[in-house]
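Undergrad: The following block contains the structure, expressed as structure tokens.
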Amino acid sequence: AQSVTQLGSHVSVSEGALVLLRCNYSSSVPPYLFWYVQYPNQGLQLLLKYTSAATLVKGINGFEAEFKKSETSFHLTKPSAHMSDAAEYFCAVSGHGSSNTGKLIFGQGTTLQVKP
Amino acid sequence: DTAVSQTPKYLVTQMGNDKSIKCEQNLGHDTMYWYKQDSKKFLKIMFSYNNKELIINETVPNRFSPKSPDKAHLNLHINSLELGDSAVYFCASSQLLGYEQYFGPGTRLTVT
Chain U
1 AQSVTQLGSH VSVSEGALVL LRCNYSSSVP PYLFWYVQYP NQGLQLLLKY TSAATLVKGI
61 NGFEAEFKKS ETSFHLTKPS AHMSDAAEYF CAVSGHGSSN TGKLIFGQGT TLQVKP
Chain F
117 DTAVSQTPKY LVTQMGNDKS IKCEQNLGHD TMYWYKQDSK KFLKIMFSYN NKELIINETV
177 PNRFSPKSPD KAHLNLHINS LELGDSAVYF CASSQLLGYE QYFGPGTRLT VT
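So the protein lines, in turn, are chains U and F. Quick note, the first sequence lines up with residues 1 to 116 if you use this note's numbering. Quick note, the second sequence lines up with residues 117 to 228 if you use this note's numbering.
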């Protein structure tokens, strides 16, 4: 079975500060991992994805994430927060290969607040 | 052009009614999904279709019935609506199973 845990339901940073959103996964098969962002009253937008190529993945809006198999982690970072980054962030995992059903399993989400 | 669109955006209805939500994608994808987001923003898959064939039915009450008339459309029909059905419903699509999914804007369903 697969699962995702996002540590910290609410993260607050100052504008210009480092953003670190934590995600740990559990999977019995090699996972595909994703980060999505949800702005208020909108759908989910894909930030980046890990699909077993490079372990350091760069995404949109200056975000990046590093897949660490030994730590079963896929933390999301951004060097300098902007006010426009304030949103809900979701980490998700899916299987692939013979175990693939396409189902995304989401973490509980982390609300990012950016203070001026 | 909107990649994944849903109608309506808001749906307010009374208990016991039947309603439908429509979803269309113009990305040429083979796979489509329905997710439910509850009041605590938790997202959970309900259904997935691959080439119009049902792949996942995630223990959803049989009051919920997806219909895929073609690969570009996946509609969700809900019978005998209950208060607990109030949520935001998201449609998504992906090129193939396991690939990244692209989400629609959501339909906020309120059952009174």
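Even for Gly, the Cβ is constructed at its ideal location relative to N, Cα and C.
Go to F180(F), then tell me how far its beta strand (DSSP E) extends in each direction, as first and last residue.
TA: Against the second sequence, residue 180(F) aligns to sequence position 64. Residues F180 to D186.
Undergrad: How would you list, in chain order, the residues of chain F whose beta-carbon sits under 7 Å from the beta-carbon of G43(U)?
TA: As a working note, residue 43(U) is residue 43 in the first sequence. Near G43(U) (Cβ distances below 7 Å), the residues of chain F are F206, F219, G220, P221 and G222.
Undergrad: Compare the Cα-Cα distances from A54(U) to each of Y39(U), Y32(U), T101(U) and A17(U) and report the closest residue.
TA: For the purposes of this step, residue 54(U) is taken as residue 54 along the first sequence, with counting starting at 1. Among Y39(U), Y32(U), T101(U) and A17(U), the Cα nearest to that of A54(U) is on Y32(U).
Undergrad: Taking DSSP as the reference, what is the three-state secondary structure of L199(F)?
TA: Stepping through the second sequence from its first residue, residue 199(F) is reached at position 83. Correct three-state label for L199(F): helix.
Undergrad: What does a CB cutoff of less than 7 Å around T123(F) pick up in its chain, not counting 5 residues either side in sequence?
TA: Counting from one through the second sequence, the residue named residue 123(F) turns up at place 7. Cβ neighbours of T123(F) beyond the five flanking positions: K138.
Undergrad: Please tell me whether L46(U) has its Cβ less than 7 Å away from any Cβ of chain F.
TA: As a working note, residue 46(U) is residue 46 in the first sequence. Output row for L46(U): interface = yes.
Undergrad: What is the DSSP secondary structure of M83(U), counted as helix, strand or coil?
TA: For the purposes of this step, residue 83(U) is identified with residue 83 of the first sequence, where counting begins at 1. In the structure shown, M83(U) sits in a helix (DSSP, three-state: H, G or I).
Undergrad: Who are M148(F)'s beta bridge partners in DSSP?
TA: To locate residue 148(F), count along the second sequence from 1; it is residue 32. Y165(F) and S209(F), per the DSSP bridge assignment.
Undergrad: Got a sec, what are the start and stop residues for the beta strand (DSSP E) S78(U) sits in?
TA: Start at 1 with the first residue of the first sequence, and residue 78(U) comes out as number 78. It should be pointed out that residue 78(U) corresponds to Lys in this sequence rather than to Ser. Segment S73 to K78, the beta strand (DSSP E) holding K78(U).
Undergrad: Kindly give me the distance between the Cβ atoms of G95(U) and S27(U), rounded to whole angstroms, as I take these residues to be in contact under 8 Å.
TA: The residue labelled residue 95(U) in the question sits at position 95 within the first sequence. The residue labelled residue 27(U) in the question sits at position 27 within the first sequence. Contact holds; Cβ gap of about 7 Å.
Undergrad: In whole angstroms, what is the alpha-carbon distance linking E64(U) and S121(F)?
TA: As a position in the first sequence, residue 64(U) is number 64, starting the count at 1. As a position in the second sequence, residue 121(F) is number 5, starting the count at 1. Whole-angstrom Cα-Cα distance: 28 Å.
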